Structures are given as structure tokens and as C-alpha cells.
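Chains as they are written, first to last, in the numbering used here: chain R, 1 to 245; chain V, 1 to 492. The block underneath contains the structure these notes are about, expressed in C-alpha cells.
As C-alpha cells, then:
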């Protein structure tokens with residue numbers, strides 16, 4: 001179990017279910033090089049057997065599998081466990097994505113993908129899962145890739161060790177989003193949380209504050225590292241936390 | 001009944017019926033005439049003897065003042081009979097019921113004609129007789145029995161006939177119009193309506209069919225309809241097959257591509273490579289990314305073409321969204337050594353699909369960058385239709401925007417590049433897939449890879465799915481402006 005894992009020496013163990021031999025071998029080699037432990041299954045059924053017999057921190061599942069397809073496998077794993085599920089697919093249809101995510105998958109990668117992309121996703125999901133399981137100490141929560149550090153007690157934030165000139169509201173906004181990483185807040189919710197009052201229609205206070213916050217963080221709207229806009233829904237924090245050790 | 005024979009017989013009826021009617025009416029008047037004439041004749045015969053004795057009195061014809069005698073004549077006549085007396089030369093001596101007892105002389109021929117006979121005229125029965133005294137002719141008398149009743153009867157019947165004739169003529173006219181309406185016009189209008197409906201959305205009701213030419217026309221229309229439906233069904237089927245094929249091929253291509261890419265990336269990770277080997281491997285990664293881009297374009301093109309594909313949209317704040325949409329192209333422009341200027345001034349709410357609009361924007365920006373020479377400018381702009389048109393917009397495009405800004409309510413997206421222009425002939429074809437216009441526009445572009453040739457078609461399909469449109473304007477000596485329009489969501 002995760003609790004048994006000693007910091008630094010215990011490897012993350014990953015279940016890879018992929019029927020294409022070359023791709024699977026390449027991914028496995030790459031992950032092994034990156035210090036992961038990889039179990040490779042070639043069919044859905046085999047993947048399910050491996051899952052029930054071992055302990056994994058994350059599963060990478062191809063959608064088109066013989067014997068049992070990726071959707072079913074995801075669904076089955078989700079019934080038994082909370083580990084992050086990463087779907088791989090060569091199909092294009094947007095439906096697949098939605099269907100996969102509905103069945104409990106955490107993320108979706110379209111083939112062909114780059115290793116850098118794969119690694120970033122893996123790291124992000126594993127950290128989040130660790131945090132979810134209470135694996136991290138409090139301080140770890142507030143350091144992120146890209147040089148962002150947040151100190152809730154001092155009410156200060158730094159980027160590349162330079163203090164960010166944030167207003168009180170901007171800091172509250174950043175902290176709220178960061179403390180609830182990957183949770184999407186609507187503008188209305190943010191307004192009610194930070195300003196502690198009902199939002200009036202046509203109010204663009206949140207938009208203005210997010211814009212200012214982004215510009216201070218030097219974050220892009222299109223390809224953000226910290227605050228992502230979910231169009232039609234709201235905003236969420238997507239910074240990748242870093243371990244201090 | 002066939003419409004042809006129906007039309008022919010209706011013509012015949014319309015021509016013959018009034019004539020027959022006219023004949024019948026004339027016949028009616030005539031038969032009345034004969035009947036009445038007979039009765040009147042007998043009546044006149046009976047009265048004649050009574051007047052004859054009195055009028056044969058020779059004293060009436062002597063040239064002395066006979067006023068007393070004449071007044072007795074007046075008493076006799078009682079307006080229904082007119083007595084006219086002549087002397088032997090034919091001069092009128094006296095006439096009841098008229099003031100013409102002057103020296104008017106009747107013609108001898110008239111006086112001697114039809115003597116002792118009752119002669120019917122239109123208004124009277126006339127009887128003429130000579131008067132003798134001692135065997136010597138002293139004058140003539142004429143008795144005119146007025147046919148007042150008869151004349152009245154004939155007049156009435158004449159009026160009635162004219163009235164009946166006109167009425168029946170109108171009746172026939174309107175009856176034929178009514179029948180034509182029912183038999184010809186109404187079914188034709190119904191059929192025309194069906195045709196328009198079919199052309200519009202392919203749904204029609206079944207029309208009632210009669211055994212005439214219209215019925216045949218409806219049958220033919222239905223045949224054409226089912227044939228068209230069959231055709232479009234098979235077209236749809238083949239389109240679906242094509243899409244399925246593209247999807248399968250894309251899928252089958254992506255799997256080995258993933259294997260290639262991951263293999264090469266695995267190799268790059270190895271530490272004992274020299275710089276040249278690393279460059280070559282990076283080139284393979286780059287090219288495999290390019291192949292992926294082409295496959296994506298092809299797949300997206302076939303998805304957008306599908307009728308079943310309905311674009312998912314969300315509501316967003318215009319200014320926030322368009323700022324994001326046009327952001328982050330600076331690095332790209334820098335790598336092309338092109339100067340980029342961005343301008344956003346939007347208000348209102350928009351219904352958009354973020355991914356697809358990003359794709360559209362990427363395609364149009366790449367297109368602009370590929371056709372701009374080093375050191376020249378490109379402009380990206382988004383502004384609401386009722387905002388001011390930015391100064392940098394070239395004249396041709398500006399003219400268009402000024403005209404259309406009044407009609408539309410939404411946002412203009414402008415992608416403008418300095419330099420090359422596109423002939424108006426090519427402007428129309430530009431959005432066709434794989435269009436090869438000016439070969440210089442399609443040569444290997446400065447950063448290596450050419451596009452798939454689907455970029456502009458995809459952009460057009462995306463903007464149209466979102467209820468907008470795209471077009472292009474070139475200004476000689478300045479450059480080319482791509483104009484996209486995206487409608488604003490109404491308040492409700």
C-alpha cells in the first residue's frame with residue numbers, strides 16, 4: 001500500500017494496458033527510465049487480472065483492446081479503486097473523450113502524443129492522488145512547477161523568488177483556486193467566496209481580477225500553467241505541485 | 001374525366017348554350033305572338049260590324065261641318081279604337097285620338113291596298129273600307145284597333161328574355177370558372193406548394209389523386225421525389241462510408257505513428273548520441289508531428305462535413321474570449337520574423353466552441369504568416385459590429401465592413417497581412433478544399449511544411465456551424481484581409 005512506501009525509494013507502480021507491441025515497449029522503456037515500475041498487459045482481460053492481483057498508483061489504458069475494451073476496463077477499475085486512470089486513444093471523436101471521462105477516467109491522451117506530454121500528465125495526476133490520500137505535508141501544497149510559491153500565513157506569493165504585488169482580493173482568489181486544485185469555480189461562486197455577497201448580473205469583477213492576476217503571474221490565457229479558463233463554466237487552478245525533498 | 005376532354009366540352013358548352021338559350025327565348029315570344037294574334041283577330045272581327053254601320057254614314061264625308069257627328073266618333077273610339085276618315089281623294093277628314101286632321105293626303109296606293117281585310121301591324125289591327133253613296137265613291141274610312149295588351153305583353157317578355165339571357169350567360173361563365181378552379185387551379189397550386197416544400201426540407205404530405213392529367217403529374221412528382229430520396233439516401237450512405245473510412249484510416253495511421261514517435265523519443269533520451277544524430281532524430285519527431293497535423297485536418301474536415309455533427313457551444317463573455325483567442329501568437333510571429341499587431345474591442349455574450357474557434361484562428365493566423373514576407377506586418381483584430389473599424393483595415397475590407405456593419409450584430413474577426421493579394425476570381429474558390437490558386441501561394445512555405453490544403457475550408461465550416469461566415473478582400477498594393485463574422489447572442 002501507499003502508506004508503506006518510503007519517501008524517495010519506493011517507486012510509483014503503473015499498470016499499462018496497450019495491445020500495440022511497439023508502443024507499449026517504448027512507453028515501458030521510457031517510464032522505467034523515469035524510475036517508474038511498469039506492468040504491461042496486452043488485453044483488457046489481462047489488464048483486469050493484473051489490476052486485481054497487484055497494487056498500482058496509476059493505470060494507462062488504450063481504448064481499443066481485445067477481449068475487454070478500454071471503457072469497460074475503466075469502469076471496472078473505477079468500481080474498485082480511486083487510482084488515476086489515463087486513457088490513450090487514436091480515435092478522434094470528441095464523444096470518446098466525454099464517454100471516457102464519464103466512466104471515471106481522469107485524463108485523455110490522443111495518439112500520437114509526446115513523452116513530455118505523457119510525463120507531465122503522469123506527474124500531475126500522481127501528485128494529486130498523493131495529496132488526495134494525505135501523503136504530503138502541508139508545506140508541499142504551495143510550491144508549483146514554474147516557480148510559483150504561495151504562503152497562506154504571510155498572505156504572500158512569489159514567482160521565481162520575486163514577490164508578486166497582489167491585492168488582497170487577488171491573493172484570496174489565487175489561494176482559493178490553488179487550495180482546490182483542478183476544481184472548477186464559476187464566476188458566481190468565486191464572487192460569493194471572495195466578496196462574500198451575491199453576484200449582480202453583468203458584473204465583470206471576477207473577469208477583471210483574473211485578468212490582472214494572470215498578468216502578474218505572467219500566465220497565458222490560451223496555454224496556462226496556473227489558472228485555466230473552462231469556457232462556459234469558470235476557472236480552475238492547474239499548477240503542478242513540487243515536493244520539497 | 002381527362003382535363004383535355006373536360007376543357008373541350010366546357011368550351012363547347014360555353015359557346016353553344018347561350019345560342020340555344022337565345023333561340024328558345026325568341027321562340028317563346030313568337031309563340032305568344034301567334035296565340036294572342038288569333039284571339040285579338042276574333043275580337044276585332046266581332047267589333048267590326050258594330051262600327052261599320054256607323055262609319056258608312058255618307059254624311060260624315062260631305063264637306064260640311066260635322067262636329068256633332070265627329071264627337072260621336074270620339075265617344076265610340078274610347079281610346080282603344082282610332083277612326084280615320086278620308087274623302088275620295090285621300091285627304092284626311094277626321095281622325096280620332098290625334099290632332100292631325102289637317103290637309104294631309106294619304107297615298108292612293110295605301111288607300112286601295114288590302115281593302116275589306118283586317119291587317120295586323122305591330123301595334124294595331126287595321127281595317128279599310130270605301131264608302132259609296134248611290135254607287136258613287138265619296139270617301140274611305142280606316143278603323144285601327146290598338147293592340148295595347150299585346151304590345152305590353154311582348155315588351156315584358158322581351159325584357160324578361162334579355163334579363164334571363166344575361167343571367168344565364170353570367171351563370172355559365174362563373175360555373176366554368178368554378179369548375180376550372182376545382183379541377184385545374186387548386187390541384188396545381190397544391191402541387192406547386194408540395195414542390196416548394198420538398199425542395200425546402202424534403203417533407204411532403206400525400207396529395208389526393210384523380211384520374212386526370214393532374215393526377216398523372218402528381219404521380220410523376222412522387223416518382224421523382226422517391227428517386228431523389230433514394231439518391232440522397234445513397235449519397236448519405238456513401239458519405240458515411242467515406243467518413244468511416246477516413247476515421248479508420250486516421251486511426252490506423254496514428255497507431256504506427258505513435259510507435260515511430262515513441263521509438264524516436266526513446267532514442268533521443270539515450271545519452272551517447274552526438275549532435276548530428278540528435279538533429280536527425282528531432283527531424284523525425286517534427287515530421288511525425290506534421291503527419292499528425294495532416295491526419296487531424298483530414299479527420300476534422302470529414303467530421304465537420306457530416307450532417308450529424310452538431311457543434312457543442314457554451315456562452316462566454318466576448319471581450320474575455322476574443323482576448324484569449326487572439327493572444328499568444330507573438331512567439332510564432334517572431335519566429336516568422338513578422339511584426340504582429342493585435343486589437344480586441346468586443347462587448348456582449350457569444351455562443352462559441354472554444355476548441356473549434358482556436359482551430360479556426362490557428363489556421364487563419366498560419367495562413368497569414370505563410371503569406372507574409374519577412375519584416376512585413378500582420379494584424380489580428382476582433383471588434384463588435386457597432387464599434388469603430390480600426391484604422392489599419394485596408395480600404396476594400398473597410399468598405400465592406402462599413403456596409404455590412406449596419407446589417408449584422410456581432411463581432412468581426414480580422415486576419416490581415418501585408419503583401420500578397422488574391423484576385424477576385426480566386427477569392428471565391430479560396431475556401432474550396434485543396435484549392436490551388438496562385439502557385440506561388442502554395443509553394444513550400446518558408447518554414448518548411450505546407451499545410452494540408454484544408455485549413456481554410458475547415459475555418460469556413462467552423463464559422464458557418466457557429467452561425468457566422470467568412471470571406472476575403474484584397475486591396476491592391478496593400479495586402480489581404482480575411483473577415484469572419486460571429487453573431488452575438490441575443491439578450492433573451
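Here a beta-carbon is modelled for each residue, glycine too, at the ideal position from N, C-alpha and C. None of the values given here were measured: they were computed from a predicted structure.
Status (buried if at least 16 other CB within 10 Å, exposed otherwise) for residue i
| i | result |
| --- | --- |
| residue 269 (chain V) | exposed |
| residue 15 (chain V) | exposed |
| residue 461 (chain V) | buried |
| residue 148 (chain V) | exposed |
| residue 191 (chain R) | buried |
| residue 120 (chain R) | exposed |
| residue 282 (chain V) | exposed |
| residue 157 (chain R) | buried |
| residue 446 (chain V) | The predicted position of residue 446 (chain V) is uncertain, since its pLDDT is 45 and thus under 50; no value can be drawn from it. |
| residue 79 (chain R) | exposed |
| residue 444 (chain V) | Bear in mind that the predicted position of residue 444 (chain V) carries a pLDDT of just 45, short of 50, making it unreliable; the figure below should be weighed with that in mind. The residue in question, residue 444 (chain V), is exposed, as its Cβ has fewer than 16 Cβ neighbours within 10 Å. |
| residue 384 (chain V) | buried |
| residue 154 (chain R) | exposed |
| residue 87 (chain R) | buried |
| residue 187 (chain V) | buried |
| residue 123 (chain V) | exposed |
| residue 139 (chain R) | Unreliable positioning characterises residue 139 (chain R) in this predicted model, as indicated by a pLDDT of 48, which lies under 50. The coordinate reading is nonetheless provided below. It counts as exposed. |
As assigned by DSSP and simplified to three states, the class of residue i
| i | result |
| --- | --- |
| residue 475 (chain V) | strand |
| residue 415 (chain V) | strand |
| residue 66 (chain R) | coil |
| residue 358 (chain V) | helix |
| residue 143 (chain R) | strand |
| residue 390 (chain V) | coil |
| residue 107 (chain R) | strand |
| residue 167 (chain R) | coil |
| residue 467 (chain V) | coil |
| residue 71 (chain V) | helix |
| residue 228 (chain R) | strand |
| residue 16 (chain V) | helix |
| residue 126 (chain V) | strand |
| residue 373 (chain V) | coil |
| residue 59 (chain R) | strand |
| residue 91 (chain R) | coil |
| residue 323 (chain V) | helix |
| residue 178 (chain R) | helix |
| residue 7 (chain V) | helix |
| residue 347 (chain V) | coil |
| residue 385 (chain V) | coil |
Partner residues on chain R for residue i, Cβ-Cβ distance less than 8 Å
| i | result |
| --- | --- |
| residue 324 (chain V) | 221, 222, 229 |
| residue 347 (chain V) | Within 8 Å Cβ-Cβ: nothing; residue 347 (chain V) doesn't reach chain R, min ~10 Å. |
| residue 393 (chain V) | Within 8 Å Cβ-Cβ: nothing; residue 393 (chain V) doesn't reach chain R, min ~24 Å. |
| residue 321 (chain V) | 231 |
Proximal residues of chain R, C-beta to C-beta of residue i below 7 Å
| i | result |
| --- | --- |
| residue 354 (chain V) | 231 |
Contact check, residue i vs residue j, beta carbons under 9 Å
| i | j | result |
| --- | --- | --- |
| residue 320 (chain V) | residue 211 (chain R) | yes |
| residue 159 (chain R) | residue 217 (chain R) | yes |
| residue 80 (chain V) | residue 28 (chain V) | no |
| residue 295 (chain V) | residue 254 (chain V) | yes |
| residue 143 (chain R) | residue 172 (chain R) | no |
| residue 226 (chain R) | residue 180 (chain R) | no |
| residue 44 (chain R) | residue 13 (chain R) | no |
| residue 364 (chain V) | residue 459 (chain V) | yes |
| residue 124 (chain R) | residue 110 (chain R) | no |
| residue 17 (chain R) | residue 59 (chain R) | yes |
| residue 416 (chain V) | residue 393 (chain V) | yes |
Partners in chain V for residue i, counting only beta-carbon separations shorter than 9 Å
| i | result |
| --- | --- |
| residue 20 (chain R) | 255, 256, 258, 259 |
| residue 169 (chain R) | Correct list: empty, because the minimum Cβ distance to chain V is about 18 Å. |
| residue 91 (chain R) | 247, 250, 251, 254 |
Partner residues on chain V for residue i, Cβ-Cβ distance less than 7 Å
| i | result |
| --- | --- |
| residue 27 (chain R) | 262 |
| residue 66 (chain R) | None at all; the shortest Cβ gap to chain V is about 14 Å. |
| residue 154 (chain R) | Residues of chain V passing the Cβ test: none, with the nearest at roughly 31 Å. |
Chain V residues whose Cβ lies nearer than 8 Å to that of residue i
| i | result |
| --- | --- |
| residue 30 (chain R) | 262, 265, 266, 269 |
| residue 23 (chain R) | 255, 258, 259, 262 |
Residues that residue i contacts on chain R, provided the C-beta gap is smaller than 9 Å
| i | result |
| --- | --- |
| residue 297 (chain V) | Within chain R, no residue comes near residue 297 (chain V); the closest Cβ sits about 11 Å away, beyond 9 Å. |
| residue 316 (chain V) | 229, 231, 232 |
In chain order, what are the residue ranges of uninterrupted beta strand (DSSP E) at least 3 long that sit wholly in the stretch 7–49 of chain R? 12–17, 36–41
Could you tell me which uninterrupted alpha helix (DSSP H) segments, each at least 4 residues in length, are contained entirely in the stretch 163–236 of chain V, listed from first to last along the chain? 186–201
Which complete alpha helix (DSSP H) runs does the stretch 250–308 of chain V hold, if anything under 4 residues is left out? Correct list: 275–305.
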